[in-house]
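Novice:
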Amino acid sequence: MAPPVIVLDRVAKRFAGHTAVDALSLEVSAGLIYGLLGPNGAGKTTTIRMIMGIMEPDEGAVRLFGDETDIGAGARNHSARIGYLPEERGLYRKMRVLDVLVFLAEMKGVERRAARVKATEWLERLGLSDWRLRRIDELSKGMQQKVQFISTILHQPELVVLDEPFAGLDPVNTQVLKDTVLELRRRGVTILFSTHIMEQAEKLCDELCIIARGRRLVEGAVSDIKRTHSGHHLTIGFDGSPGRATQIFADKALVKKVDDYGQYAELELAAGADAQQILRELIGSGARLSRFELMEPSLNKIFIDLVGPEAARAEARPGA
Amino acid sequence: MRRVWAVIRREFVERLRSRWFWISAVLGPLFFGAMIFLPLLFTGPGGIKRIVVIDGTTTRFGARVADSLDRGSTFAVVARVSPRAGLMDSLAQQVGLHRLEGFLFVKDATVETGAAEYRAANVSAFRDVAELQGVLGRLAVNERLERAGVDPATVSRAQLRIRLETKKIAGAKTTGESSAESFSLAYVMAIVSFVAIAVYGVNVMSSVLEEKTTRIVEVLVSSLPAFQLMLGKVLGVGAVSIFQFMVWGLGGRLLLSQRAAIAGRLAPLDREPAVFQMPHVSAATIAIFLSYFLGGFFLYSAMFAAVGAMSSNEQEARQAQQPVMFLLMLAYLSVFALAGDPASTYSIALSLIPFTAPIAMPVRWAAGSVARSEVTASLALLVGGIAVVTWVAARIYRVGILMTGKRPSLKELGRWIRA
Chain A
0 MAPPVIVLDR VAKRFAGHTA VDALSLEVSA GLIYGLLGPN GAGKTTTIRM
50 IMGIMEPDEG AVRLFGDETD IGAGARNHSA RIGYLPEERG LYRKMRVLDV
100 LVFLAEMKGV ERRAARVKAT EWLERLGLSD WRLRRIDELS KGMQQKVQFI
150 STILHQPELV VLDEPFAGLD PVNTQVLKDT VLELRRRGVT ILFSTHIMEQ
200 AEKLCDELCI IARGRRLVEG AVSDIKRTHS GHHLTIGFDG SPGRATQIFA
250 DKALVKKVDD YGQYAELELA AGADAQQILR ELIGSGARLS RFELMEPSLN
300 KIFIDLVGPE AARAEARPGA
Chain B
0 MRRVWAVIRR EFVERLRSRW FWISAVLGPL FFGAMIFLPL LFTGPGGIKR
50 IVVIDGTTTR FGARVADSLD RGSTFAVVAR VSPRAGLMDS LAQQVGLHRL
100 EGFLFVKDAT VETGAAEYRA ANVSAFRDVA ELQGVLGRLA VNERLERAGV
150 DPATVSRAQL RIRLETKKIA GAKTTGESSA ESFSLAYVMA IVSFVAIAVY
200 GVNVMSSVLE EKTTRIVEVL VSSLPAFQLM LGKVLGVGAV SIFQFMVWGL
250 GGRLLLSQRA AIAGRLAPLD REPAVFQMPH VSAATIAIFL SYFLGGFFLY
300 SAMFAAVGAM SSNEQEARQA QQPVMFLLML AYLSVFALAG DPASTYSIAL
350 SLIPFTAPIA MPVRWAAGSV ARSEVTASLA LLVGGIAVVT WVAARIYRVG
400 ILMTGKRPSL KELGRWIRA
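Residue numbers (numbering that gives the first Met the number 0), protein chains in the order written: chain A, 0 to 319; chain B, 0 to 418.
1. Is it buried or exposed for Glu182 (chain A), if we count other Cβ within 10 angstroms and need 16 for buried?
2. Contact between the segment 302-310 of chain B and the segment 239-258 of chain B: three or more CB pairs below 8 Å?
3. Which residues in chain B have a C-beta closer than 9 Å to the C-beta of Tyr91 (chain A)? List them in chain order.
4. Could you tell me whether the segment 152-159 of chain A touches the segment 110-123 of chain A, where touching means 3 or more Cβ pairs closer than 8 Å?
5. Curious, which full-length alpha helix (DSSP H) runs of at least 4 residues does the segment 344-408 of chain B contain?
6. Starting from Ser78 (chain A), find everything on chain B with Cβ-Cβ shorter than 7 Å and list it in chain order.
7. Let me know the secondary structure DSSP gives Val233 (chain B) once reduced to three states.
8. Please confirm whether Leu401 (chain B) has its beta-carbon closer than 8 Å to some beta-carbon of chain A.
9. Met0 (chain B): buried (16+ other C-beta within 10 angstroms of its C-beta) or exposed?
10. Tell me whether Phe165 (chain A) sits in a helix, a strand or coil according to DSSP, three-state version.
11. Of all Cβ atoms in chain B, is any one closer than 8 Å to the Cβ of Lys107 (chain A)?
12. Helix, strand or coil, according to DSSP, for Leu324 (chain A) in the structure here?
13. Quick check on the DSSP output: the beta strand (DSSP E) that includes Phe237 (chain A) runs from which residue to which?
14. Note down, in chain order, each residue of its chain lying with its Cβ closer than 7 Å to the Cβ of Ala211 (chain A), except the 5 sequence neighbours on either side.
15. So which of B:Phe325, B:Gly71 and B:Val105 has the shortest CA-CA distance to Met87 (chain B)?
16. Give, in chain order, every residue of the segment 239-252 of chain B whose Cβ lies closer than 7 Å to some Cβ of chain A.
17. So, does the CB of Glu87 (chain A) fall closer than 8 Å to a CB anywhere in chain B?
18. For chain A, is any of its Cβ atoms less than 8 Å away from the one on Glu271 (chain B)?
19. Taking a contact to mean a Cβ-Cβ separation below 8 Å, would you say Pro48 (chain B) touches Phe74 (chain B) in this structure?
20. When DSSP builds the beta bridges, which residues end up paired with Gly34 (chain A)?
21. Measuring alpha carbon to alpha carbon, tell me which of B:Gly85, B:Arg70, B:Asp66 and B:Ala5 ends up nearest Arg79 (chain B).
22. Where does Trp415 (chain B) land, buried or exposed, given buried means 16+ other C-beta within 10 angstroms?
23. Which of the residues in the segment 234-262 of chain A, read from start to end, lie with their CB under 8 Å from any CB of chain B?
24. Looking at the secondary structure, which residues open and close the beta strand (DSSP E) in which Thr18 (chain A) lies?
25. With burial defined as no fewer than 16 other Cβ atoms inside 10 Å of the residue's Cβ, what is the status of Lys410 (chain B): buried or exposed?
26. Here's a check: name, in chain order, each residue in its chain whose Cβ is nearer than 7 Å to the Cβ of Pro164 (chain A), leaving out the five neighbours to either side.
27. Against chain A, with Cβ distances strictly below 8 Å, would Val203 (chain B) count as a contact?
28. Name the chain B residues whose beta carbon is nearer than 8 Å to that of Ile190 (chain A)?
29. Measuring CB to CB, does Tyr199 (chain B) end up less than 8 Å from Phe102 (chain B)?
30. By Cβ distance below 7 Å, which residues in the same chain neighbour Thr173 (chain A) in space, the five residues on each side in sequence not counted?
31. For the segment 81-168 of chain B, which segments carrying the alpha helix (DSSP H) assignment without a break, of at least 4 residues, lie completely within its bounds, in sequence order?
32. When the Cα atoms are used, what is the spatial distance from Pro407 (chain B) to Pro3 (chain A)?
33. Give the interface partners of Arg75 (chain A) over in chain B, defined as CB-CB distance under 9 Å, in chain order.
34. Measuring CB to CB, does Ala114 (chain A) end up less than 8 Å from Val101 (chain A)?
35. Does DSSP put Glu411 (chain B) in a helix, a strand or coil?
36. Between Ala5 (chain B) and chain A, is the shortest Cβ-Cβ distance under 8 Å, so that the two count as touching?
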């Protein structure tokens, strides 16, 4: 099996007075989409900056592409193999689109002429070829975002690191980015992205790691995490009469928690309870059902359970 | 190295593409040309001043004064009148209405005591006053000699104008440079150095700031070390400044080759045009100027880069750059002291301290002669200063470019440098 593309081995980073990342270990296997999840201030950006060699860890080691000797800023040796999209984005406002792309590709070690050809291809593909000689500040924000994606992947990296890639994107560009990410994975590119938006992580990630206050809470394949955190969730839809549903839901031996909306209810089963018994009792009480489904918990639910309601409130703020 | 080269190229090409580069490329020589030729306009004809001479003398002295002034090129004596009550007031009114420049009051006492009175709209015009003093002095002496029985012909033969010719001695060799030439050369070099270091230093600063505020810097420092990025910027902007000098040099040459024609047009025909003496600039002087300019540019742009890195926006940067600007201005403001006495302890000290040497040494070099050992010592100190300052600046830069939020305190800066 191919060695992991990224290995963090008990990495720590402290800033004056506070620990941003605390003994964090994780492994990103080749060819996967890996999500780094956490509330704001969890240490995602610091972790990514250490992976990118922008910052050196105070403790621990960062190893990339199976290179055992690699720690800290050594990531720069591999920079040609990595594409990076920082969290807050911007480009040289006065430069022409094509020149920016060529310059950033040169930074990744691509030869000028080759960079020009590639950049032109990508601009055409994303519908920006008419704009290639315009200055960045003449472009709309959405176009600038596209230019930035192109700059991230122009040099055909094996690893793409995206810090909060969906933040501030319009729906069209969100789709463009999703498609691009999926296409990259098809081509065998490894993708690490950080986000605090669970829905995207859930849809896109093969594996993920949830961190909070610089520490790892859980890591693994999304399906495994869901299985282990499965709390036997049940969704019920009524078609007209709910029968004696209210009484049945109130039975603590069967139901631990309930969100009853009248025609629709979400249940968390009590430990050892059997969903089939609830089904029998409901039918017996004369309820007509349109839906009866055992659910996996959403990533959002797992996240909130793990990180705590305090962080969940913090999550509610960003307009995602 | 290829990446540093790409950074240098970007800085160079993007600056050359900007409109501002070409505006300053054109305006630069015009500006310096104006500095050279404008004084001609003011010291040249400047309009002949209409004055009235109030003649309170009982001899022919008053008439001679009026005559002599009228023959000169500065004044036109529109009338010579005898003093009477209310005359001064009515003349003052004429001056107020700009019909007259002023009036001169001479009396018998002028010959005895040298006292005369000149009232005019502008009494700080040195040339006017010098002309009046010259004419009055010469005629008063003549008058007194004649009264003492000296033949007027002897008097005029005895008169002699001193023309003091000054030549600078550089390294035991007498050069063709006069003191005025030396000073103007020193002054021009100081002004060009100061302006160029400040302008291009600030250029480095805004370039750093742009990358920081747009976060491009994160992408860049994940590809090349922060120090190399800073180096690339400084070298790129430095190359633009050298290119700018070349453009200016060519433009200036063109302008100077036409200077006789221009001066001839500005000066009155009957007088020798007061042509600005373009000093002879030796290759050694150019070498000194360029090496100190480059040294100063590297020293200051490293500091400006650090200032850009520690600021989060233009406004913060403008405030934070002030101490650096003051440091740079120190030598510039001392240019008169430096050119006036290039060998004083103060001048020598300024030309040795790395922060002031880039301006002070070329000024001393142009104004007087500087021992080779001093230049060597000063250059060595400058190179050492650049090394230390760049090291400190690079450490601030490395941390600063990733920091946002409030500007760091001095204590925090200290921590960045030690980190």
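Virtual Cβ for every residue (Gly too), placed ideally from N, Cα, C. Remember, it's a predicted structure, so these values are computed and weren't measured experimentally.
Specialist: Looking at the atomic coordinates:
1. exposed
2. no
3. Arg9, Glu13, Glu209, Glu210, Thr213 and Ile215
4. yes
5. 344-351, 356-366 and 371-399
6. Ser221 and Ser222
7. helix
8. yes
9. exposed
10. coil
11. yes
12. The requested residue 324 (chain A) does not occur in the structure, where chain A is confined to residues 0 to 319.
13. His232 to Phe237
14. Gly37, Pro38, Ala41, Val306 and Ala310
15. B:Val105
16. none
17. yes
18. For Glu271 (chain B), the predicted model reports a pLDDT of 49, less than 50, meaning its position is unreliable and no value from the coordinates is stated.
19. What sits at residue 48 (chain B) in the sequence shown is Lys, not Pro. Yes, the Cβ-Cβ distance between Lys48 (chain B) and Phe74 (chain B) is below 8 Å.
20. A:Phe192 and A:Leu207
21. B:Asp66
22. buried
23. none
24. His17 to Val27
25. exposed
26. Leu84, Leu176 and Phe192
27. no
28. Those within 8 Å of Ile190 (chain A) in chain B number zero; the least Cβ separation is about 16 Å.
29. no
30. Phe165
31. 86-95, 107-112, 125-146 and 151-157
32. 39 Å
33. Val220, Ser221, Ser222, Leu223 and Pro224
34. yes
35. helix
36. yes
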